[in-house]
Amino acid sequence: MNMGDKLNLTMKFDLDKDKEKQAKAVIIEVYKALEEKGYNPINQFIGYILSGDPTYITNHNNARSIIRKIERDELLEELLKAYLKNNRSE
Numbered sequence: 313m314n315m316g317d318k319l320n321l322t323m324k325f326d327l328d329k330d331k332e333k334q335a336k337a338v339i340i341e342v343y344k345a346l347e348e349k350g351y352n353p354i355n356q357f358i359g360y361i362l363s364g365d366p367t368y369i370t371n372h373n374n375a376r377s378i379i380r381k382i383e384r385d386e387l388l389e390e391l392l393k394a395y396l397k398n399n400r401s402e
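Counting in this note's numbering, the sequence shown runs from 313 upward without gaps.
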């Protein structure tokens, strides 16, 4: 395919995939920071998601700022997707 043919194609941009990747990266990074500081990451995530209070998340490794890059509903959506993907019986 030459350059002229490529200019006639429409590229697909998938914002959902980018958000999904970003949410996964945030979850993993914040989880590690919480674990390093000796917190129970699951309990801290639940507290943050339910209340919206960022003090449930440690400042260690900038985790509190990192988690605020993603909306809580997007974090919850990603966690639920991962859970269902790994626990669905087919």
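Glycine is no exception: its CB is placed at the ideal position from the N, C-alpha and C atoms. Keep in mind that this is a model prediction, so the values were computed, not measured.
Rounded straight-line distance, which links the Cα of Asn399 to that of Arg376: Against the sequence shown, residue 376 aligns to sequence position 64. Against the sequence shown, residue 399 aligns to sequence position 87. If you take the alpha carbons of Arg376 and Asn399, they lie about 29 Å apart.
Rounded C-alpha distance that separates Asp328 from Leu319: Walking along the sequence shown from the start, residue 328 turns up at place 16. Walking along the sequence shown from the start, residue 319 turns up at place 7. Answer to the nearest angstrom: the Cα atoms are 25 Å apart.
Cβ-heavy atom distance, Leu388 to the ligand GDP, below 8 Å: The ligand content of the structure shown is nil, which means the ligand GDP is not present either.
Cβ neighbours of Arg380 in the same chain (closer than 7 Å, five flanking residues each side left out): Along the sequence shown, read from residue 1 onward, the residue named residue 380 stands at position 68. Same-chain partners within the cutoff: Pro366.
For Lys381, the three-state DSSP class (helix, strand or coil): Residue mapping note: residue 381 aligns to position 69 of the sequence shown, counting from 1. DSSP places Lys381 in coil when its eight states are reduced to three.
Proximity to Val342 [Cα-Cα], best of Glu332, Lys331 and Ile354: For the purposes of this step, residue 342 is taken as residue 30 along the sequence shown, with counting starting at 1. Looking from the CA of Val342, the closest CA among Glu332, Lys331 and Ile354 belongs to Ile354.
Ala335 vs Glu389 beta-carbon contact at 9 Å: Start at 1 with the first residue of the sequence shown, and residue 335 comes out as number 23. Start at 1 with the first residue of the sequence shown, and residue 389 comes out as number 77. Taking 9 Å as the Cβ cut-off, Ala335 and Glu389 qualify as a contacting pair.
Buried versus exposed, by CB contacts within 10 Å (16 or more), Thr370: Translated into positions along the sequence shown, residue 370 becomes position 58. The residue in question, Thr370, is buried, as its Cβ has 16 or more Cβ neighbours within 10 Å.
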